[in-house]
Every structure is written in C-alpha cells, then in structure tokens.
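Some notes on the structure that comes next.
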Amino acid sequence: MAHFSVMVGDYYLLLPIFLLPLLYFISKQLKSSTSGRPPLPPGPVPWPILGNIPHMGKMPHATLSNLAQTYGPLMCLKLGTQYLVVGSSPATAIELMKTHDRTFSARYVPKVVPADQEELNYSLIGWKRRMQ
C-alpha cells in the first residue's frame, strides 16, 4: 500500500509541469485573438503551431489556386507564426502593391540576425585577419 502512495505522489509532481505550459498557451491564444488589430481577410483555419503549412501539400501553387476559389482573390494564411496576405488575381495584386503600398511598406522586420553586435560582425572575419 505504501508503494502505491509513493507512485501517486510522483504523478502529482508531474501534473504542474504539464498543466502550466498548457494554461500559458491557452491564455496567450485568447489574448492574441482579442487584441486590437484590424480584421484579416478570410482564409482556412490554421493549426495551433504550424499554421496553414500542412494545407500547402506538395504543390503549393495548386493549393493556393484552390484556396482562391474558396475564399476569394484576397485571403490570409498563417505560416508558422507569421500571417501572410495573398492576392491571387492581377486586380488584387495591383490594389495591394499600388493603391495600398504605403500600408504594407511599414511592415515589421524581425531581428533574426542582429548585425549591430560586435560578436556577430567579427565572427565573419577570420582570426588571423582580426589580429592584424
């Protein structure tokens, strides 16, 4: 009987390890869905982490054509964590790139590779050349 209570006690330690990340993920999803951003164009429902990447399949151009027939010439896809607005007709592309060009030119550029840090800049130069 004592062996059983030790096993149950060990599982109670694992419960917060799995429950806390789940609660954090759910709260982050709820908070992001109620933020003050403008509404996005229609599109397929994304998966939680992958977004719409699994919808693309082996021929993404054919998939985008089929999605354009379903959702119209302007649609929104979520690729990973980034949203992508797709204009799939010439008229929609002209509307996006000429009429609303200033709206889309001020987009967020993520700091994937920060080039303003010395370590990164000097790492591209060889050791012998740096010592000269």
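Quick note on my numbering: the sequence shown kicks off at 34 and runs consecutively.
No residue lacks a Cβ here, since even glycine has one placed at the ideal position from N, Cα and C.
Any idea what DSSP makes of residue i, helix, strand or coil?
i	result
L100	helix
L46	helix
L238	Shown here, the chain extends from 34 to 165; a query on residue 238 therefore has no answer.
S60	helix
P54	helix
P93	helix
P123	helix
Does the distance from the C-beta atom of residue i to that of residue j stay below 8 Å?
i	j	result
T136	P106	no
G84	L56	no
M108	P72	no
V78	L97	no
S121	A101	yes
G76	L110	yes
How far does the alpha helix (DSSP H) with residue i in it extend, from its first residue to its last?
i	result
M89	86-89
I82	Neither: I82 is in no alpha helix (DSSP H) and is coded neither H nor E.
T132	Counting along the chain, T132 falls outside any alpha helix (DSSP H), and DSSP gives it neither H nor E.
Starting from residue i, trace the beta strand (DSSP E) in both directions and tell me its first and last residue.
i	result
K111	107-112
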